[in-house]
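Sequences listed follow chains E and F, in order. Taking the working numbering, the leading residue of the first sequence gets 1, the next gets one more, and so forth. Taking the working numbering, the leading residue of the second sequence gets 1, the next gets one more, and so forth.
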Amino acid sequence: DAGITQSPRHKVTETGTPVTLRCHQTENHRYMYWYRQDPGHGLRLIHYSYGVKDTDKGEVSDGYSVSRSKTEDFLLTLESATSSQTSVYFCAISVEASGGLARNEQFFGPGTRLTVL
Amino acid sequence: GENVEQHPSTLSVQEGDSAVIKCTYSDSASNYFPWYKQELGKGPQLIIDIRSNVGEKKDQRIAVTLNKTAKHFSLHITETQPEDSAVYFCAAPNNAGNMLTFGGGTRLMVKP
């Protein structure tokens with residue numbers, strides 16, 4: 001499991017409330033990713049990080065922000081949750097190759113099921 | 001950016017039969033093609049991958065083939081077993097290799 005944990009594993013919240021999901025890794029990997037998984041859409045990248053304080057947008061970043069203040073934690077925040085953000089959220093890491101680039105292989109955490117009422 | 005399409009979306013086979021899932025990609029520069037298996041309630045798990053310098057790779061009952069000219073790659077599972085039932089995803093990287101684009105997934109059901 002590449003030492004990845006996600007918390008909480010399940011959350012139910014109301015529209016308009018802020019929500020923060022946490023991804024924690026124990027192996028000091030530089031690259032971390034947040035995906036959402038919805039039926040018929042596979043996995044879509046929200047944001048990713050290539051180091052402490054270094055983040056960038058993915059395919060579906062609107063309505064989400066991220067922070068990475070230390071190597072082991074990558075936080076995903078929904079500033080004001082909407083029903084369209086009901087989904088399963090996965091964190092992933094990528095091992096760093098020589099030269100500092102990410103290796104292609106990604107390893108996933110167990111996921112967080114978020115329901116926005 | 002990369003665009004990955006996966007077919008079929010669902011596949012039902014009898015135990016012992018073979019299953020084939022196919023993906024096409026758009027970026028001819030892509031050089032790495034992984035396959036993930038996701039069981040119910042769990043995160044996707046990397047099961048096999050192939051790089052563009054080979055056309056086929058096998059690992060016991062699973063194999064992946066790659067046709068770079070046609071820009072498609074396939075997952076082959078032989079002698080399917082009920083524990084192969086899961087959702088399978090293919091993926092391809094962007095040019096920098098730091099992001100993966102995933103196909104829509106295939107739900108494989110192996111009937112005993």
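Beta carbons are placed, not taken as given, at the ideal position from N, Cα and C, and that holds for glycine. Fair warning: this is a prediction, and the values are worked out from it, not measured in the lab.
Supposed close pair residue i, residue j - CB separation, criterion 8 Å
i, j, result
"E:Gly111", "F:Gly104", "Not confirmed; about 18 Å, so no contact."
"F:Ile48", "F:Lys57", "7 Å"
"E:Ala92", "E:Tyr33", "4 Å"
"F:Thr106", "F:Pro34", "Contact doesn't hold; Cβ gap of about 14 Å is too wide."
"F:Asn31", "F:Ser52", "4 Å"
"E:Glu72", "E:Gln25", "6 Å"
"F:Thr80", "F:Ala19", "5 Å"
"E:Ser83", "E:Pro18", "Wrong, their Cβ atoms sit about 15 Å apart, outside the cutoff."
"F:Ser74", "F:Ile21", "7 Å"
Straight-line gap, residue i to residue j (C-alpha atoms, nearest Å)
i, j, result
"E:Gly109", "F:Gln45", "9 Å"
"E:Asp62", "E:Arg113", "19 Å"
"E:Thr15", "E:Thr5", "26 Å"
"F:Lys37", "E:Asn28", "25 Å"
"F:His72", "F:Ser26", "9 Å"
"E:Arg44", "E:Leu78", "16 Å"
"F:Leu108", "F:Glu83", "10 Å"
"F:Leu11", "E:Lys53", "43 Å"
"E:His47", "E:Leu21", "13 Å"
"E:Ser67", "F:Thr78", "44 Å"
"F:Phe89", "F:Glu5", "10 Å"
"F:Thr101", "F:Pro93", "6 Å"
Interface partners of residue i on chain E, CB under 7 Å
i, result
"F:Tyr32", "Asn104"
9 Å Cβ cut-off: residues of chain F touching residue i
i, result
"E:Phe90", "Gly43, Pro44"
"E:Tyr50", "Asn98"
Chain-ordered chain F contacts of residue i [CB-CB under 8 Å]
i, result
"E:Phe74", "By Cβ distance, chain F contributes nothing, its closest Cβ being about 15 Å from E:Phe74, past 8 Å."
"E:Gly58", "Met99"
Within chain F, the residues that residue i reaches when beta carbons sit closer than 7 Å
i, result
"E:Gly3", "Going along chain F, no residue has its Cβ under 7 Å from E:Gly3, so there is no contact; the nearest lies around 13 Å."
Min CB distance residue i to chain C below 8 Å
i, result
"E:Pro110", "Note that chain C does not occur in the displayed structure, where the protein chains are E and F."
Residues within the region 44-76 of chain F neighbouring chain E, beta-carbon criterion of under 9 Å: Pro44, Gln45, Leu46, Asp49, Arg51
Short-range partners of chain E found in the region 6-20 of chain F, where Cβ spacing is below 7 Å: none
Selection of the region 31-47 of chain E by Cβ proximity to chain F, strictly under 7 Å: Tyr31, Gly40, His41, Gly42, Leu43, Leu45
Any 3 or more C-beta pairs closer than 8 Å across the region 70-89 of chain E and the region 4-17 of chain F: no
Contact set between the region 77-107 of chain F and chain E, restricted to residues whose Cβ is under 7 Å from the partner: Phe89, Pro93, Gly97, Asn98, Met99, Leu100, Phe102, Gly103, Gly104, Gly105
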